[in-house]
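**Q** Pasting a structure below so you can have a look.
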Amino acid sequence: MPLVAASVCPHPPLLVPEVAGSAAPELDELRAACDTSVRRLLAAEPDIVVLLGTGPVTGPISTPATGSLQPWGVDLDVPLVPGQPDRGAVLPLSLTIGAWLLARHETIAPVSAVQVAADAGPAELAALADGVDAAGDRVALLVLGDGSACRGEKAPGYDDARALPYDQRVAAALADADLDVLLDLDPVVSAELKAAGRASWQVLAGAARAAGGGWRGELLHDTAPYGVAYFVASWERV
Numbered sequence: 009m010p011l012v013a014a015s016v017c018p019h020p021p022l023l024v025p026e027v028a029g030s031a032a033p034e035l036d037e038l039r040a041a042c043d044t045s046v047r048r049l050l051a052a053e054p055d056i057v058v059l060l061g062t063g064p065v066t067g068p069i070s071t072p073a074t075g076s077l078q079p080w081g082v083d084l085d086v087p088l089v090p091g092q093p094d095r096g097a098v099l100p101l102s103l104t105i106g107a108w109l110l111a112r113h114e115t116i117a118p119v120s121a122v123q124v125a126a127d128a129g130p131a132e133l134a135a136l137a138d139g140v141d142a143a144g145d146r147v148a149l150l151v152l153g154d155g156s157a158c159r160g161e162k163a164p165g166y167d168d169a170r171a172l173p174y175d176q177r178v179a180a181a182l183a184d185a186d187l188d189v190l191l192d193l194d195p196v197v198s199a200e201l202k203a204a205g206r207a208s209w210q211v212l213a214g215a216a217r218a219a220g221g222g223w224r225g226e227l228l229h230d231t232a233p234y235g236v237a238y239f240v241a242s243w244e245r246v
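Right, here's the structure in full:
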């Protein structure tokens, strides 16, 4: 039973105060919820912390690796491992924000990263879940992913009547650690609603199922301030 805990967080660049600028206080509650979830993750005393988020391809990212927030107007590099001097591989946005969240806390365990393509199919997702299962004796998974981006006329994906029911379903599944609901998310509908977290959530559900036993979930945050759904959740074994 290698997976011992999981943290689910969103990955908007605005989480980083330097990117948000004067709008930074608008996401204070979201940052606080992410910090709480990551603290709980590390409290499980894992042997390894694995960051998992959407990227251009599916597979592990070799270290050293560094993400950059320059595309969002801030000259800030975020290494996967704090203090690592070499840029190395390039982290996608999801894992850049994950590394930034993790760097806000003292992390003793080694850190690794895995990216999953947004259109990854069942075989790819199952292989990643098996990889989490084989990563170590006590694995903690920091999962990055946004919900739909179609919550209103000003949303990136404009307004879609399916977005709110979709997000409500995801929020309930994260709150209850309902693996079946997460595994049943439709990849086509998820893509139409621009839900960036679908593949990552399904890897989490697959890894939790492979680990066996029961899981307790808690939803710490659920908002859509800019037309994009942001969920924060914490899972632990029971």
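Numbered by my numbering, the letters in the sequence shown go through residues 9 to 246 in order. Every residue, glycine too, gets a C-beta built ideally from N, C-alpha and C.
Mind checking whether P195 and G153 have CB atoms under 9 angstroms apart?
**A** Not in contact: P195 and G153 (Cβ atoms no closer than 9 angstroms).
**Q** For the alpha helix (DSSP H) containing V16, list its first residue and its last residue.
**A** It is not in any alpha helix (DSSP H) - V16 instead sits in the beta strand (DSSP E) that spans 11–17.
**Q** Over the uninterrupted beta strand (DSSP E) stretch that includes Q123, give me the two end residues.
**A** Counting along the chain, the beta strand (DSSP E) containing Q123 begins and ends at 119–125.
**Q** Between L11 and S208, how many whole angstroms is the CB-CB distance? I'm expecting something under 8 angstroms.
**A** Not quite, the Cβ-Cβ distance comes to about 14 angstroms (not below 8 angstroms), so this is no contact.
**Q** Measure the alpha-carbon distance for A252 versus A180 and round it to whole angstroms.
**A** The requested residue 252 does not occur in the structure, where the chain is confined to residues 9 to 246.
**Q** Based on Cα-Cα distance, which residue from L22, A125, Q92, G160 lies nearest to G1?
**A** As displayed, the chain neither begins before 9 nor continues past 246, which places residue 1 out of reach and without an answer.
**Q** Quick one: measure Cβ to Cβ for R159 and G235, integer angstroms, because I've assumed they're closer than 8 angstroms.
**A** Confirmed, about 5 angstroms.
**Q** State the DSSP-derived secondary structure class of D55, mapped to helix, strand or coil.
**A** Reduced to three states, the DSSP call for D55 is coil.
**Q** Taking R47 as the reference, which of L228, D168, G91, G222 has the closest Cα?
**A** Residue L228 is the option with its Cα nearest to R47.
**Q** In this structure, how does DSSP classify R245 when only helix, strand and coil are distinguished?
**A** Three-state result, R245: strand.
**Q** Just checking my contact of S156 with A203 at CB under 8 angstroms: how many whole Å lie between their CB atoms?
**A** So it is a contact: roughly 5 angstroms between Cβ atoms.
**Q** Between which residues of its own chain and P18 is the CB-CB distance below 6 angstroms, once the five residues before and five after are set aside?
**A** Excluding positions up to five away in sequence, the list reads D154, Y238.
**Q** According to DSSP, which residues form a beta bridge with I69?
**A** DSSP output for I69 lists A121 as bridge partner(s).
**Q** Among all the DSSP beta bridges, which residues are the ones paired with V86?
**A** According to DSSP, which records beta bridges pairwise, V86 is partnered with G75.
**Q** CA-CA distance, A213 and Y174?
**A** So the two alpha carbons sit approximately 17 angstroms from each other.
**Q** Rounding to the nearest angstrom, what Cα-Cα distance links D83 and L110 in this structure?
**A** Roughly 19 angstroms between the two C-alpha positions.
**Q** When you measure from the CB of A171 to every non-hydrogen atom of the ligand NAP, does any distance come out below 8 angstroms?
**A** The ligand content of the structure shown is nil, which means the ligand NAP is not present either.
**Q** I believe V119 touches V57 by the beta-carbon criterion, under 8 angstroms. Please report the beta-carbon distance rounded to the nearest angstrom.
**A** Rounded, the Cβ-Cβ distance is 5 angstroms, consistent with contact.
**Q** Is the segment 33–40 close to the segment 65–83, with three or more CB pairs under 8 angstroms?
**A** No: fewer than three Cβ pairs fall under 8 angstroms.
**Q** Checking the sheet assignment: what are the DSSP bridge partners for W223?
**A** DSSP lists R245 as partners of W223.
**Q** To the nearest angstrom, how far is it from the Cα of G221 to the Cα of D188?
**A** The alpha-carbon atoms of G221 and D188 are separated by roughly 14 angstroms.
**Q** If you run the structure through DSSP and keep just helix, strand and coil, what is A28?
**A** Helix at A28.
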